[in-house]
Amino acid sequence: MEYDVIPRTKAPGFIPAAPVTKPLWTCSVECLFEYMRIVFDIYPTNRLIRVVVGNRCMNSWAQKEMNMNQLAVALASVGPPWQEAVDDDEFSAVQGLSQAVEALCQPSPAQEEYLASPAQDQIPLVNNGRIICLTHMKSEAYVRSLEECVIDAIVQHNKLASASELLLPINQCEVTLIHITPVGEDSHISSQARRELSDVVNSEVHVAQSGKFLYFKTVALVQEHYDLSSTTVTGIPMKEEQNANSSANYDVELLHPAAVHSDIMKQEQAEGIIIPSKEGLPTTTITLKWCTPKSNVVELHNCSGAYRITPVDVNSRPSSCLTNFLLAGRAVMLEQPRKSGTKVISHMLASHGGEIFVHAIPTCRSILEDPPSISEGCGGRVTDYRIKDFGEFMRENRLAPAAPTMLSTMPVKPINKALERLERSSRFWPIVISDTLVGNLMSTISPLPAFMVKEELTDDEVLECKKVIYNIVSLEAKNEVLPVPVVGSRGKGPKREEQYKQLWNELENLVRAYSDTSSQHAKVLECLLECKKPTGPSGDQLQQSPRNLSDAKIPSEEKLDTKQIEQSWRDLDKFQRMTEREKQELLKGEKSFDSPPSKKTKTEELIMQPGGQNLLSLWTKRVASINNKHHAEFAGRLEGSGLKAKLYPHLDNEDMEGGSNGSNKSQSNSQTLTGGTQR
Numbered sequence: 001m002e003y004d005v006i007p008r009t010k011a012p013g014f015i016p017a018a019p020v021t022k023p024l025w026t027c028s029v030e031c032l033f034e035y036m037r038i039v040f041d042i043y044p045t046n047r048l049i050r051v052v053v054g055n056r057c058m059n060s061w062a063q064k065e066m067n068m069n070q071l072a073v074a075l076a077s078v079g080p081p082w083q084e085a086v087d088d089d090e091f092s093a094v095q096g097l098s099q100a101v102e103a104l105c106q107p108s109p110a111q112e113e114y115l116a117s118p119a120q121d122q123i124p125l126v127n128n129g130r131i132i133c134l135t136h137m138k139s140e141a142y143v144r145s146l147e148e149c150v151i152d153a154i155v156q157h158n159k160l161a162s163a164s165e166l167l168l169p170i171n172q173c174e175v176t177l178i179h180i181t182p183v184g185e186d187s188h189i190s191s192q193a194r195r196e197l198s199d200v201v202n203s204e205v206h207v208a209q210s211g212k213f214l215y216f217k218t219v220a221l222v223q224e225h226y227d228l229s230s231t232t233v234t235g236i237p238m239k240e241e242q243n244a245n246s247s248a249n250y251d252v253e254l255l256h257p258a259a260v261h262s263d264i265m266k267q268e269q270a271e272g273i274i275i276p277s278k279e280g281l282p283t284t285t286i287t288l289k290w291c292t293p294k295s296n297v298v299e300l301h302n303c304s305g306a307y308r309i310t311p312v313d314v315n316s317r318p319s320s321c322l323t324n325f326l327l328a329g330r331a332v333m334l335e336q337p338r339k340s341g342t343k344v345i346s347h348m349l350a351s352h353g354g355e356i357f358v359h360a361i362p363t364c365r366s367i368l369e370d371p372p373s374i375s376e377g378c379g380g381r382v383t384d385y386r387i388k389d390f391g392e393f394m395r396e397n398r399l400a401p402a403a404p405t406m407l408s409t410m411p412v413k414p415i416n417k418a419l420e421r422l423e424r425s426s427r428f429w430p431i432v433i434s435d436t437l438v439g440n441l442m443s444t445i446s447p448l449p450a451f452m453v454k455e456e457l458t459d460d461e462v463l464e465c466k467k468v469i470y471n472i473v474s475l476e477a478k479n480e481v482l483p484v485p486v487v488g489s490r491g492k493g494p495k496r497e498e499q500y501k502q503l504w505n506e507l508e509n510l511v512r513a514y515s516d517t518s519s520q521h522a523k524v525l526e527c528l529l530e531c532k533k534p535t536g537p538s539g540d541q542l543q544q545s546p547r548n549l550s551d552a553k554i555p556s557e558e559k560l561d562t563k564q565i566e567q568s569w570r571d572l573d574k575f576q577r578m579t580e581r582e583k584q585e586l587l588k589g590e591k592s593f594d595s596p597p598s599k600k601t602k603t604e605e606l607i608m609q610p611g612g613q614n615l616l617s618l619w620t621k622r623v624a625s626i627n628n629k630h631h632a633e634f635a636g637r638l639e640g641s642g643l644k645a646k647l648y649p650h651l652d653n654e655d656m657e658g659g660s661n662g663s664n665k666s667q668s669n670s671q672t673l674t675g676g677t678q679r
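All letters in the sequence shown, in the order written, are residues 1 to 679 by UniProt numbering.
Below, the structure is given as structure tokens:
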């Protein structure tokens, strides 16, 4: 530092005053006080720090001795170690670490109160601590010797504490060694990340130059040790000292608990507002813009939390002006800048009882309001959730305490069994009413869903599931409307065929989700696939007759033809009952450029499908089937090529013999003529 205030006239022979330098002791004491100032400003109580110099303790664990003025007086009385006293045990780092371990074994007032309470018998007291050593280390071997010193001291003091009621054993201890070097001097010791030395001790090594570099390292460590975050308030209007008529904008960086920014991190809106620290710290900060100050408490927003703050540079003019402004009773809103340009007020600065707090303001829905409706969740406004069904689902999967005997007798733990049941119950469970038909037709398909969730199915339960499937086939054959509630805007709902198609698809997904549970579950899936309409090449489901479900397992050519003929005649009768206009629209179709082409009916597909059966083939087959039931067909009609049958075709054969063959001929001819006269 230069303290030369004499004007420099650059005159020849002028000798400037020598600069005043700070020793490592002074830099270490300043950083120690800065560390304690930040901790005590944010946590006035329940954060205890003891200072040890060599083999001397400057304070105790009492809350009244957590006072920086008292520590300043104590350190001033000790003074810096002189060169002739450096090698003395009084200022040895080994003695200081041993004294720090001994201090950690001494109980604090809060620990003494807990030891005297009945809760000690239920929950044992855990004694954890941290040792921060500011020193200048000679070599890497000296670093290892200091770490071994801490390990040995903890082992010895834990033995003493186990045999004493006045001491506490150390359960966990973190050792932070800071190697300080003069500015510009190269360090022969490298930094080391945190590593585990034993079950009780963890150690890390930091290297920092004295002065501002040691200050930056100290502030970064206090943020890590006490889970603090940084906020930079930007755009603070402040008048210039030289010119009171003009003003400029300044920035002030504040430290506070990390919970202040929890909402910003949860909402993933921190992009663009996290920047490196403007004070030169090796950390990041979140920028918030100064907004209009408020003086009326009624106008203040509802807050979800209030946390103490402290400036990073407490002696700077912008920090001092901001502190005095807030202590005067004003409240300042802090705006969160966004790329969209919208104004979002996320925090507020205000003072209470002479202390300054930052208040977290919810940016979405305040937690002080009523809980949000389930219909206003992700994906827009959804109003048709299956809330009642989900309530039943929760009641069916409630947990109950397990008896101690169940843990030893059951092959599977009750919690694992409960998780398996929950997994089975939620394999197929649509959430929205409009997305499912199965959830709206529980009265029709019951008890199939309840049975499919079970681990094992009996034969009677399989039969009940098949009855449900046959009932749906019967409803579809009768062309009945499914009792589906109307959800959404008014208008025509889906067509009947589309509803049944969706119902069959959902039933298949439901049964297939549980088909691998057991062989009985697989039988239900087989029955469903047999009764479900097969899918044609165009993607539409083909019609299957529900009359002969018992014969579905043994299909034959004759049965399939009969079913097809019967269905064709039903479609033909339906076609004949149509009016002439409906027939023309059905056969010709309406060609419109404004609307998509209408879907062809089943009768039109059956009549107009190329390569399929027409009316002539249907009539021929019907006549043939009726004649086959009455008599044997005339052989001449079966073997002839036209309308005339040739009699005695065997007479043209020159090799035919007489005798008995003649009698056979007459008998055959008589039979042929007889067959012809019956026509």
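Beta carbons: idealized from backbone N, C-alpha and C, even for Gly.
Residue Val52 holds the alpha-carbon nearest to the alpha-carbon of Ala74 among Val52, Ala62 and Trp61. Restricting attention to Glu639, Lys64, Asp389 and Gly54, the CA atom closest to the CA of Ala100 is found in Gly54. Between the region 34-41 and the region 212-229, the count of Cβ pairs shorter than 8 Å is three or higher; the stretches touch.
Listed as beta-bridge partners of Ile131 by DSSP are Val175.
The Cβ atoms of Leu334 and Leu281 do not sit closer than 8 Å to each other. With contacts defined as CB atoms closer than 8 Å, Leu463 and Ser518 fail to qualify as a contacting pair. Contact between Asp263 and Thr232 does not hold, since their C-beta atoms are separated by about 18 Å, which reaches or exceeds 8 Å. The closest CA to that of His256, considering only Gly235, Pro182, Ile275 and Ile286, is found on Ile286. Taken in chain order, the unbroken stretches of beta strand (DSSP E) that lie wholly in the region 178-238 and span 3 residues or more are 192-196 and 201-209. Counting the other Cβ atoms within 10 Å of the Cβ of Phe428 gives 16 or more, which makes it buried. Beyond the five residues adjoining it in sequence on each side, Ala645 comes within less than 6 Å, by CB distance, of Gly636 in the same chain, given in chain order.
Collapsing the DSSP output to three states places Glu455 in coil. Counting other Cβ atoms within 10 Å of its Cβ, Pro411 stays below 16 and is therefore classed as exposed. The Cβ neighbour count for Glu147, taken over all protein chains shown within 10 Å, is at least 16; the residue is labelled buried. Linking Lys159 to Ser408 through their CA atoms gives a straight-line distance of about 39 Å. With contact defined as three or more Cβ pairs closer than 8 Å, the region 410-425 and the region 470-484 are not in contact. In the three-state scheme derived from DSSP, where H, G and I count as helix and E and B as strand, His136 is classed as coil.
The shortest C-alpha to C-alpha distance from Ala76 to any of Trp25, Glu498 and Ala103 is the one to Trp25.
Membership of Asp384 in any alpha helix (DSSP H) is not indicated, and neither H nor E is assigned to it by DSSP.
Contact annotation: Ser198 and Ile151 have beta-carbon atoms nearer than 8 Å. Residue pairing from DSSP places Glu355 in a beta bridge opposite His352. In this structure, DSSP gives Ala306 an extended state, which the three-state scheme calls strand. Here Gly96 has Val52 and Gly54 as same chain residues with Cβ atoms under 6 Å from its own Cβ, once five neighbours each way along the sequence are excluded. Under DSSP, Val155 forms no beta bridge with any residue. The DSSP assignment places no complete beta strand (DSSP E) segment of no fewer than 3 residues inside the region 10-98. Annotation: the continuous beta strand (DSSP E) that includes Ser247 extends over Ser247 to Pro257. Taking every protein chain shown into account, the CB of Val623 has fewer than 16 other CB atoms within 10 angstroms, so this residue is exposed. By the Cβ-count criterion, His521 is buried, with 16 or more other Cβ atoms from all chains shown falling within 10 Å of its own Cβ.
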